[in-house]
Amino acid sequence: MMITLGPGITLHPGSFTAVIAPEEILAAALTGSPALRKFLILFVSVGPGLSGRAGAILPYLEIRAAPSAGDLVAALQGARQTLVLVGHDPALFEGAGERPAVAGALREAGRSALVILHATTRTPSFDALARSADRTIEIIPAGGPAGRRARAVIPAYCSGTTAPRGQTLLEVS
Numbered sequence: 035m036m037i038t039l040g041p042g043i044t045l046h047p048g049s050f051t052a053v054i055a056p057e058e059i060l061a062a063a064l065t066g067s068p069a070l071r072k073f074l075i076l077f078v079s080v081g082p083g084l085s086g087r088a089g090a091i092l093p094y095l096e097i098r099a100a101p102s103a104g105d106l107v108a109a110l111q112g113a114r115q116t117l118v119l120v121g122h123d124p125a126l127f128e129g130a131g132e133r134p135a136v137a138g139a140l141r142e143a144g145r146s147a148l149v150i151l152h153a154t155t156r157t158p159s160f161d162a163l164a165r166s167a168d169r170t171i172e173i174i175p176a177g178g179p180a181g182r183r184a185r186a187v188i189p190a191y192c193s194g195t196t197a198p199r200g201q202t203l204l205e206v207s
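In our numbering, the protein residues as written are 35 to 207.
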């Protein structure tokens, strides 16, 4: 199973990937892959979002609400699906105390499944969780939210705009 987000940007099982992208791009990647219709998918939601669009097309999509960080950790620890999609809500992580437990649960779930932590914009809490990801992908539409071309940046989470020594930024047009 592979999910293609754009040219040269694929997601594979056995990894935890943090994705910053408009909902339309991620929904199109999920619903545009016929192979995904064969797999069990868990969408852990803290609010509305992708679940309505993807749920109508993906037959094996289970949607769970996670109104607290503890509920999110429990959902991740009990996940047996091939794909686990987590919608990020910064309000869920106002206190930094729960972030290490959530980051650990995301990383652990990513050992046996494809785990995607999704947000439409960067926030300090998303960045904190994304530090434990195997990789982070940011898709910025070139023509605004409705633009067809997208520029993808895989940043190395660090302060500043340059990657640390030994790492590079990948830009796909």
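We put the CB at the ideal spot given by N, CA and C, even for glycine.
As the structure is a computational prediction, the values presented were derived from the model and not from experiment.
- Note down, in chain order, each residue of its chain lying with its Cβ closer than 6 Å to the Cβ of Leu-39, except the 5 sequence neighbours on either side. Counting from 1 along the sequence shown, the entry for residue 39 is found at position 5. These residues qualify, in order along the chain: Ala-63.
- Report yes if the CB atom of Val-118 is closer than 8 Å to the CB atom of Val-136, and no otherwise. On the sequence shown, position 84 is the one that residue 118 refers to. On the sequence shown, position 102 is the one that residue 136 refers to. Against a cut-off of 8 Å, the Cβ pair of Val-136 and Val-118 comes out as no contact.
- Best match in Ala-164, Ile-37 and Ala-139 for proximity to Phe-73 [C-alpha to C-alpha]: The residue labelled residue 73 in the question sits at position 39 within the sequence shown. Closest option to Phe-73, Cα to Cα, is Ile-37.
- Item | Under the three-state DSSP convention, the category Thr-65 falls into | By 1-based counting over the sequence shown, the position of residue 65 is 31. Looking at Thr-65 - three-state DSSP - the assignment turns out to be helix.
- Item | Coil, strand or helix - Ser-32 by DSSP | The structure shown does not extend to residue 32, since the chain is modelled only from 35 through 207, so no value can be given for it.
- Query: What residues in its chain sit with their C-beta under 8 Å from that of Gln-111, if we drop five residues either side in the sequence?
  - Reply: Walking along the sequence shown from the start, residue 111 turns up at place 77. Closer than 8 Å at the Cβ level, and outside the excluded window around Gln-111, lie Ala-139, Glu-142 and Ala-143.
- Contained alpha helix (DSSP H) runs [length at least 4] in the stretch 119-179, N- to C-terminal order: 133-143 and 158-164
- Query: Taking the C-alpha atoms as reference points, what is the distance between Ile-97 and Ile-150?
  - Reply: For the purposes of this step, residue 97 is taken as residue 63 along the sequence shown, with counting starting at 1. For the purposes of this step, residue 150 is taken as residue 116 along the sequence shown, with counting starting at 1. Looking at the two C-alpha atoms, the distance is approximately 14 Å.
- Message: Cutting at 6 Å between CB atoms, please list the residues of its own chain near Ala-55, excluding the five before and the five after it.
- Response: The residue labelled residue 55 in the question sits at position 21 within the sequence shown. Excluding residues within five positions, the ones whose Cβ falls inside 6 Å are Ile-173.
- Query: Nearest-angstrom Cα distance between Phe-50 and Pro-41?
  - Reply: Reading the sequence shown from its first residue, position 16 is the one you call residue 50. Reading the sequence shown from its first residue, position 7 is the one you call residue 41. In a straight line, the C-alpha of Phe-50 is about 20 Å away from that of Pro-41.
- Item | Beta-carbon gap between Ala-113 and Leu-76 smaller than 8 Å | As a position in the sequence shown, residue 113 is number 79, starting the count at 1. As a position in the sequence shown, residue 76 is number 42, starting the count at 1. Pairing Ala-113 with Leu-76 gives a Cβ-Cβ distance under 8 Å.
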